[in-house]
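There are 2 protein chains.
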Amino acid sequence: MAPMGRIPEATVARLPLYLRGLDSFPVGVAATVSSDELAELAGVNAAKVRKDLSYLGTYGTRGVGYDADFLRFQISQALGVANVWPVVVCGMGNLGRALANHTGFTDRGFPVVAATDSDPAKIGTLIDGVPVHAPGELGEIVARYNAAVGVISTPAEAAQGTADALVAAGVASIMSFAPTVLSVPDDVEVRSVDLAAELQILGFHLHRSRLAEES
Amino acid sequence: MAPMGRIPEATVARLPLYLRGLDSFPVGVAATVSSDELAELAGVNAAKVRKDLSYLGTYGTRGVGYDADFLRFQISQALGVANVWPVVVCGMGNLGRALANHTGFTDRGFPVVAATDSDPAKIGTLIDGVPVHAPGELGEIVARYNAAVGVISTPAEAAQGTADALVAAGVASIMSFAPTVLSVPDDVEVRSVDLAAELQILGFHLHRSRLAEES
DNA sequence: AGACCCTTGTGAACTGATGCACAAGGTGTC
DNA sequence: GACACCTTGTGCATCAGTTCACAAGGGTCT
Numbered sequence: 050m051a052p053m054g055r056i057p058e059a060t061v062a063r064l065p066l067y068l069r070g071l072d073s074f075p076v077g078v079a080a081t082v083s084s085d086e087l088a089e090l091a092g093v094n095a096a097k098v099r100k101d102l103s104y105l106g107t108y109g110t111r112g113v114g115y116d117a118d119f120l121r122f123q124i125s126q127a128l129g130v131a132n133v134w135p136v137v138v139c140g141m142g143n144l145g146r147a148l149a150n151h152t153g154f155t156d157r158g159f160p161v162v163a164a165t166d167s168d169p170a171k172i173g174t175l176i177d178g179v180p181v182h183a184p185g186e187l188g189e190i191v192a193r194y195n196a197a198v199g200v201i202s203t204p205a206e207a208a209q210g211t212a213d214a215l216v217a218a219g220v221a222s223i224m225s226f227a228p229t230v231l232s233v234p235d236d237v238e239v240r241s242v243d244l245a246a247e248l249q250i251l252g253f254h255l256h257r258s259r260l261a262e263e264s
Numbered sequence: 050m051a052p053m054g055r056i057p058e059a060t061v062a063r064l065p066l067y068l069r070g071l072d073s074f075p076v077g078v079a080a081t082v083s084s085d086e087l088a089e090l091a092g093v094n095a096a097k098v099r100k101d102l103s104y105l106g107t108y109g110t111r112g113v114g115y116d117a118d119f120l121r122f123q124i125s126q127a128l129g130v131a132n133v134w135p136v137v138v139c140g141m142g143n144l145g146r147a148l149a150n151h152t153g154f155t156d157r158g159f160p161v162v163a164a165t166d167s168d169p170a171k172i173g174t175l176i177d178g179v180p181v182h183a184p185g186e187l188g189e190i191v192a193r194y195n196a197a198v199g200v201i202s203t204p205a206e207a208a209q210g211t212a213d214a215l216v217a218a219g220v221a222s223i224m225s226f227a228p229t230v231l232s233v234p235d236d237v238e239v240r241s242v243d244l245a246a247e248l249q250i251l252g253f254h255l256h257r258s259r260l261a262e263e264s
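First to last, the protein sequences are chains D and L.
For the first sequence, our numbering gives the first residue as 50, with consecutive numbering after it.
For the second sequence, our numbering gives the first residue as 50, with consecutive numbering after it.
This is the structure in structure tokens:
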């Protein structure tokens, strides 16, 4: 019954998936989930589910499974889902706009409260209800809206500068879609999503299987 | 000089980053890159770069480094970058539209050639130059455009059905943005990008450091 | 040619994550 | 209460990936 010590990074990355899986269980019905069911819902295997949950100090009941409500509570607790973390989107191009409008963010406690863009035509307007400011005002904006997370959806060239500005403004969590490496202080957490690279990985396997076919 | 045997998955995932890093070197100038430089550009450490490249059977010259052009060629070769893989985007909501319009895809050999959406108002129109079809026509479309990759940007509920249709149509590579687990045959490669989950991972760390501060 | 410098390529140790397999310990039934 | 059944929790073996550290060897300068 370890009261939540160090949780392996790989486990942390799966917790949101479990939480997502639990959505298919009604609230307040005292439903139970087995590690097998949850594994199916999250797309992993049962042993992993059990080991992951054991890091949370969660206890199911042997022979029965986990109480869905309690499990939801436990995982939410660990992830800090109770908090709402305001997000500022930097770069309102195609992608930025889509993200600002993405209901999945607000639903999960990450409301997009403001945005920046270098296009003078956009500055000062509302795009999908999100106020767009000049990049130079980033510091101010972060403070005013209490933003905790920065999303970088600028062109690659502007990404590092934007990251620097976010860090200077006190943002410690960045999700970047720019195809570049960002250098930031150690205490800043960056998650980088390179969509083109993702496709190239798929391409590798396509290429491979085509080669295999030919021989 | 192993002629490209099995390449570890982790290495494959980094090859696109190296290729990206090499973009900062001019073509045809016989420039050389050291593993150190490339490591910096790709955001990994030098030992990893060298080991990764060794899987390709690539040879740099000791004391000097790698020839930038040749390295580009080697990595491109391994990734099969020479091929063009047409992409069909399923679900032209905010995200789908942004992806269809994403220049990074076309630039890297993944042109978006067609899309599907269930909204009758969109079917038959061109959105950003991409023809939108009914979901039911997916099989036909894949054949007509020779699509090799399917992107799923539909709501979660429609994702599995879309995946099934893609698989039935012969698509063996899927990139999914839907927050669900997709079940597909073993020979189909799925890369799942859950943006909300990504933010929740950031949220975990925010939560953690806030807890640490308080104590 | 020889000496020195530099960076590669790689064996080997290490780290973290995964999966197995089974004892522990609940629940329900007779 | 005893027995059968089930699913958890976890020690251990295994595996993949990372990092270290150093010998191998090409380049350059004298």
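C-beta atoms are modelled at their ideal positions from N, C-alpha and C, and glycine is treated no differently.
Closer than 7 Å to chain L by CB, residue i
i: D:S202; result: no
i: D:V76; result: no
i: D:G49; result: Outside the displayed span of chain D (50 to 264) sits residue 49 of chain D, for which this structure offers no information.
i: D:I250; result: yes
i: D:V181; result: no
i: D:A88; result: no
i: D:L255; result: yes
i: D:R69; result: yes
i: D:V133; result: no
First and last residue of the uninterrupted alpha helix (DSSP H) at residue i
i: D:E247; result: 244 to 263
i: D:P160; result: Where D:P160 is concerned, there is no enclosing alpha helix (DSSP H), given that its DSSP letter is neither H nor E.
i: D:A59; result: 58 to 71
Contact belief for residue i with residue j at Cβ below 8 Å, rounded distance in angstroms
i: L:L251; j: D:M224; result: 6 Å
i: D:A245; j: L:F154; result: 6 Å
i: D:S222; j: L:L255; result: 6 Å
i: L:L90; j: L:G106; result: 22 Å between Cβ atoms; not a contact.
Own chain partners of residue i with C-beta closer than 6 Å, once the 5 adjacent residues on each side are dropped
i: D:Y104; result: I56, T60
i: D:V216; result: V233, V237
i: L:A214; result: L187
i: L:V179; result: A149, V161, A164
i: L:T211; result: C139, I201, T203
CB contact below 7 Å: residue i versus chain D
i: L:N143; result: yes
i: L:A245; result: yes
i: L:G92; result: yes
i: L:G129; result: yes
i: L:L9; result: Nothing can be reported for residue 9 of chain L: it is not among the residues displayed for chain L, which extend from 50 to 264.
i: L:G54; result: no
i: L:V138; result: no
i: L:S264; result: no
i: L:A51; result: For L:A51, the pLDDT reaches just 42, beneath the cut-off of 50, and the residue's location in the model is therefore unreliable, leaving the point undetermined.
i: L:G270; result: This structure does not reach residue 270 of chain L, given that chain L is present from 50 up to 264, and the question cannot be answered.
i: L:R240; result: yes
i: L:S222; result: yes
i: L:P65; result: yes
i: L:F159; result: yes
i: L:V237; result: no
Close-in-space but distant-in-sequence residues of the same chain around residue i (CB under 7 Å, 5 per side omitted)
i: L:N195; result: P135
i: L:V93; result: R63
Residue range of the beta strand (DSSP E) that includes residue i
i: L:R265; result: Lying before the first or after the last residue shown, residue 265 of chain L is absent from chain L, which here runs from 50 to 264.
Contact test: residue i Cβ vs the ligand ADP heavy atom, cutoff 6 Å
i: D:D177; result: With respect to the ligand ADP, the structure offers nothing, as it holds no ligand at all.
Spatial neighbours of residue i in its chain, beta-carbon cut-off 8 Å, leaving aside the 5 residues before and after
i: L:V242; result: M224, S225, F226
i: L:L175; result: V181
Go through the region 92 to 148 of chain L residue by residue and report every complete run of the alpha helix (DSSP H) that reaches 4 residues or more, in order. 95 to 104, 117 to 128
As an exercise, report each continuous beta strand (DSSP E) stretch of at least 3 residues that is fully enclosed by the region 160 to 230 of chain L, in chain order. Complete beta strand (DSSP E) runs here, min 3: 161 to 165, 179 to 182, 198 to 201, 222 to 225.
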